[in-house]
Amino acid sequence: MINLRKIPVLRYGLIVLLVSVLFTGAFFLYMRYTSAKKLEGSIAKLITARQNTDLIDSCLLNLYAADNNSRLYALTGDKKYVKEFSLQLKKLNTLLTRVKFSDPGITNIGAENVKKLLAEKTTKTTSYVQFRRLTDSLIGTTGRMDSTMAFSKMKIAVPVKETVKTTTHVDTLPKLTAGSTAAPRKKFFGRMIAAITGKNKKVPKAEDSLIVKTDTVKTISTAARTVYAPLPKKTRAHYRKLYVANNELRHNEHEILLINSNLVISIISELKHYKAMEMNYSAQSKAELSGKITNVFDEYDSLSKMTLIALIALICIVLYNVWKIFENQRKTIIEADRDREYADNKSRFMASMSHEIRTPLNSVIGFSEQLSSSILDPAQTEQVNAIRSSSHMLLEVVNEILDLAKYETGKMSFEQQPFMITDALNDALHTVHIQASKKGLMLAKNINIDDDLCFRGDVIRLKQVVVNLLVNAIKFTQQGEVLLQAMVMPNKDGRAILKIRIKDTGIGIKKADIPTLFDEFTQVADAQKVTRHKGTGLGLAICKKIIDLQGGHIKVISEMGKGSVFSFELPFGLADKAQCAVTETISHTELLEKVSGAKVLMAEDNNLNVLLAKTILKKWKIDVDVANDGQEALELFRANTYDIVLTDIQMPIMGGIELLANIRQEQNTLKAEMPVIVMTANVLKEDRDKYFVAGADDIVLKPFKEHDLIEKIALRLKTKIADTNRLLFRYG
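Residues 1 to 732 in full-length UniProt numbering are what the sequence shown lists, from first letter to last.
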């Protein structure tokens with residue numbers, strides 16, 4: 001049993017350790033996995049950033065080339081530059097779509113913004129080219145018109161001529177010709193073209209406009225003519241310089257753009273070469289980095305696999321330990337059940353042995369008691385006393401063994417009955433008084449307790465502990481005294497604490513023996529050498545169990561050659577004084593008056609017990625009918641009238657409990673309520689409770705004393721008389 005208790009503790013500790021290692025390994029694996037993921041992300045960002053840099057460089061070069069082509073187109077008007085410009089813009093758009101703007105926080109220009117700017121650039125460039133071509137067209141036209149505009153068509157005024165002419169017209173008006181109509185004023189370019197082409201030469205002259213009157217008419221005519229005045233030389237020189245400068249500017253710009261284009265082509269060529277070298281280096285670096293990353297991840301995978309295998313192994317170990325713990329617990333439960341069954345069997349065996357031993361002891365003690373009450377010579381008296389002493393010692397051993405069996409099976413129970421504590425302590429002193437007197441020891445007491453203090457508890461077990469400690473003190477004390485001290489202390493929960501000290505002047509106990517003093521079957525070797533008394537070694541163990549089970553504690557202080565002090569404390573409930581009313585002792589004469597003439601039916605299969613009972617009952621003038629089994633007793637019960645029934649429990653054919661059941665089921669109420677006293681050697685509480693449930697009125701334990709049996713019979717006869725009167729009064 002010790003190993004079964006230790007192994008689960010070790011395995012639980014191992015499980016805790018393994019779970020801790022498992023958690024640590026899982027945490028380490030998670031951290032490595034997180035680090036690997038971060039490394040992978042960082043490498044991906046570096047590669048992406050490198051690719052973005054290359055793409056942005058390509059975008060810039062394409063943008064410069066497109067801008068250069070737009071300028072060439074503006075200068076030359078060659079459409080191939082427009083096509084190249086469009087192709088480069090499309091390529092630029094394609095490159096921009098490949099650029100990954102992963103962090104807008106670094107650059108505020110996103111992909112959409114760049115595309116918008118590119119579209120705006122295209123629009124502006126187109127507008128600029130159109131505007132530039134229009135400007136160049138105007139300047140060219142001005143140059144070509146330089147020679148034409150050397151002279152400007154102008155009207156020059158001439159002097160006024162007055163002519164007085166008398167003309168007689170007879171209803172006749174001069175006919176106006178087409179050339180007499182005023183020409184409309186043309187614009188600058190219209191007049192210039194007209195001047196160049198020679199149109200509008202039919203201009204009416206002044207002399208052609210005549211006013212004819214019948215009378216004398218004074219005609220005033222103004223002669224006017226159109227002439228071409230030459231432009232100023234400064235103006236012509238200015239236009240010429242402007243045209244020449246524009247041509248030179250265009251020529252120079254064309255050369256510059258060609259140089260720029262060649263330069264861009266050279267730069268692009270160099271950049272492509274550099275880019276090829278860079279890409280080669282980048283490819284080598286990527287391959288090397290990829291190899292390193294592959295190695296790292298291979299190591300990580302290997303470590304992960306090893307860790308996973310270790311974790312699986314740990315899980316298997318944990319599961320194995322859990323299974324082992326389960327198995328150990330199962331074995332422990334089986335062992336506990338087996339131990340419980342063994343203890344129950346042992347308890348039943350002890351109870352059976354107790355019954356078998358108590359049954360003959362009942363005869364031995366009973367007959368020795370009867371002999372001691374008769375007239376004997378001194379030799380016979382000594383012999384009878386020896387028989388009684390030996391039988392009581394044997395009974396004490398049986399009781400101790402049976403009590404130990406009760407404690408082992410957990411069947412020990414404690415009564416809760418009111419009792420006077422001083423009376424209980426005095427009874428214990430009275431029990432051992434003769435034994436102390438025989439050894440010449442002084443039995444002293446110092447009971448500092450009120451005489452009317454009433455406790456509630458198991459007085460029998462209390463007296464058993466006190467008597468056992470007093471007997472041990474007397475046994476190992478050769479001279480001097482044995483002192484019993486007692487006092488009561490109040491407790492917080494409304495209960496009282498009884499403190500008992502038993503001090504002796506005996507041989508004492510070694511300190512090395514004190515720790516095992518209360519163990520079962522333990523005897524102090526030195527004490528056994530000094531005294532002739534040898535016991536079972538169960539007395540102190542039983543005392544400790546009784547005290548511990550009631551919530552108390554016991555201790556011992558001893559010194560070799562000076563004696564020992566056993567002290568214990570027990571909690572008890574308080575009871576009312578009325579509940580502890582002392583029953584008056586019935587004298588022999590009063591008992592004889594109450595039981596004399598009573599008729600008793602006794603069911604008992606043991607002839608010696610029958611002989612003892614008949615001897616005692618006849619001594620008290622009680623008539624008795626004896627049945628050897630329950631069936632015979634039931635027939636006698638139904639055929640005759642009795643005052644009380646005495647029955648054993650273990651009988652052939654029909655046992656005592658079945659007999660009780662048949663008696664209580666009688667249709668005759670007076671017979672059904674007949675007092676029944678069970679005489680048994682079964683001392684277990686569960687057995688006694690079973691007898692009371694079956695209908696027993698009282699129990700007499702074997703071996704019994706004559707006075708106890710007669711007193712119980714008298715009490716039940718008195719109760720029967722009261723019950724009979726009550727029934728007669730009820731039914732008239």
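C-beta: ideal position from N, C-alpha, C; glycine also.
Bear in mind the structure is a predicted one, so any value in this text is a computation, not a measurement.
message: For G440 and T381, what's the separation of their Cα atoms in angstroms?
response: 22 Å
field: Bounding residues of the beta strand (DSSP E) (the contiguous stretch that carries D413)
entry: The amino acid at residue 413 is misidentified as Asp; the sequence shows Ser. Note, S413: premise wrong, no beta strand (DSSP E); not H, not E.
query: At what residue ranges does the UniProt domain "Response regulatory" (599-717) contain a whole run of the beta strand (DSSP E), taking only runs of 3 or more?
result: 599-603, 623-627, 644-647, 676-680 and 698-701
- prompt: Where does M560 sit, in a helix, a strand or coil, going by DSSP?
  reply: In the displayed model, M560 falls within coil according to three-state DSSP, outside both helix and strand.
query: How about E658 and V626: are their beta carbons less than 8 Å apart?
result: no
Of the listed residues D648, K705, D708 and L684, nearest to A696 (C-alpha basis): D648
Alpha helix (DSSP H) segments (min. 4 residues) lying fully within the region 456-521: 459-475
field: Supposed contact pair F414 and Q550 - C-beta distance, whole angstroms, cut 8 Å
entry: 6 Å
- request: Using DSSP bridges, identify the partner residues of K445.
  value: L484
- prompt: Given that a residue counts as buried once 16 or more other Cβ atoms are within 10 Å of its Cβ, and exposed if not, what is E356?
  reply: So E356 counts as exposed.
message: Suppose you measure from the CA of G656 to the CA of N668; what does that come to, to the nearest Å?
response: If you draw a straight line from the Cα of G656 to the Cα of N668, it comes to about 20 Å.
- prompt: Using CA coordinates, which residue listed in R664, N682, M679 and K720 is at the minimum distance from V693?
  reply: Of the candidates R664, N682, M679 and K720, the one whose C-alpha sits nearest the C-alpha of V693 is R664.
message: Bridge partners for I355 per DSSP, in chain order?
response: For the record, residue 355 in the displayed sequence is His; it is not Ile. Answer is none; H355 lacks a bridge partner.
query: How long is the line joining the alpha carbons of N68 and E288, rounded to whole angstroms?
result: Separation of N68 and E288 (C-alpha to C-alpha, rounded to the nearest whole angstrom) is 41 Å.
query: Mind checking K202: buried by the 16 CB within 10 Å criterion, or exposed?
result: Confidence is the limiting factor: at K202 the pLDDT is only 45, short of 50, which leaves the residue's position unreliable and the question unanswerable from this model.
task: Can you check DSSP and say which residues form a bridge with L570?
output: L498
task: Taking only the alpha-carbon atoms, compute the straight-line gap between L14 and S389 and give it to the nearest angstrom.
output: 60 Å
- prompt: Using the C-alpha atoms, what's the distance from K305 back to G25?
  reply: So the two alpha carbons sit approximately 12 Å from each other.
task: Compare the beta carbon distance of L709 and I616 with 8 Å and say whether it is the shorter of the two.
output: yes
- prompt: Taking all protein chains shown into account, do 16 or more other C-beta atoms lie within 10 angstroms of the C-beta of R456, making it buried, or fewer, making it exposed?
  reply: buried
message: Checking 8 Å against the spacing of the C-beta atoms, do L425 and I447 come in under that value?
response: yes
task: Note down the Cα distance separating residue 743 from A336, rounded to an integer number of angstroms.
output: The structure shown does not extend to residue 743, since the chain is modelled only from 1 through 732, so no value can be given for it.
task: Compute the distance between the beta-carbons of S596 and K619, then report whether it is under 8 Å.
output: No; because the gap between Cβ atoms is not below 8 Å, this pair is not in contact.
Top-ranked residue by Cα proximity to E481, from V432, F518 and C454: Among V432, F518 and C454, the Cα nearest to that of E481 belongs to V432.
field: Collapsed DSSP secondary structure at I309 in the structure displayed
entry: helix
- prompt: Touching or not, the region 629-642 and the region 336-349, by the rule of three or more beta carbon pairs under 8 Å?
  reply: No contact exists between the region 629-642 and the region 336-349.
N- and C-terminal bounds of the alpha helix (DSSP H) containing G539: Taken as a continuous stretch (DSSP letters only), the alpha helix (DSSP H) holding G539 covers G539 to L549.
task: Check K438 in the structure and name its three-state DSSP category.
output: helix
query: Is it true that the CB of V459 sits closer than 8 Å to the CB of Q417?
result: Using a Cβ distance threshold of 8 Å, Q417 and V459 count as a contacting pair.
- prompt: Does any C-beta atom of chain B lie closer than 8 Å to the C-beta of Q284?
  reply: Structure shown: chain B not included; a single protein chain is present.
task: For I586, name the three-state secondary structure that DSSP assigns.
output: coil
query: DSSP state of I401, grouped into three classes?
result: helix
message: Short of 8 Å in beta carbon distance, which residues of its chain neighbour L517, apart from the five on each side in sequence? Order them along the chain.
response: Taken in chain order, the residues that qualify are I509, V524, L540 and V556.
Where I333 sits in the DSSP three-state scheme: Here I333 sits in helix by DSSP.
- prompt: So, are the CB atoms of S372 and V364 less than 8 Å apart?
  reply: no
Alpha carbon of S58 to alpha carbon of A66, nearest angstrom: 12 Å
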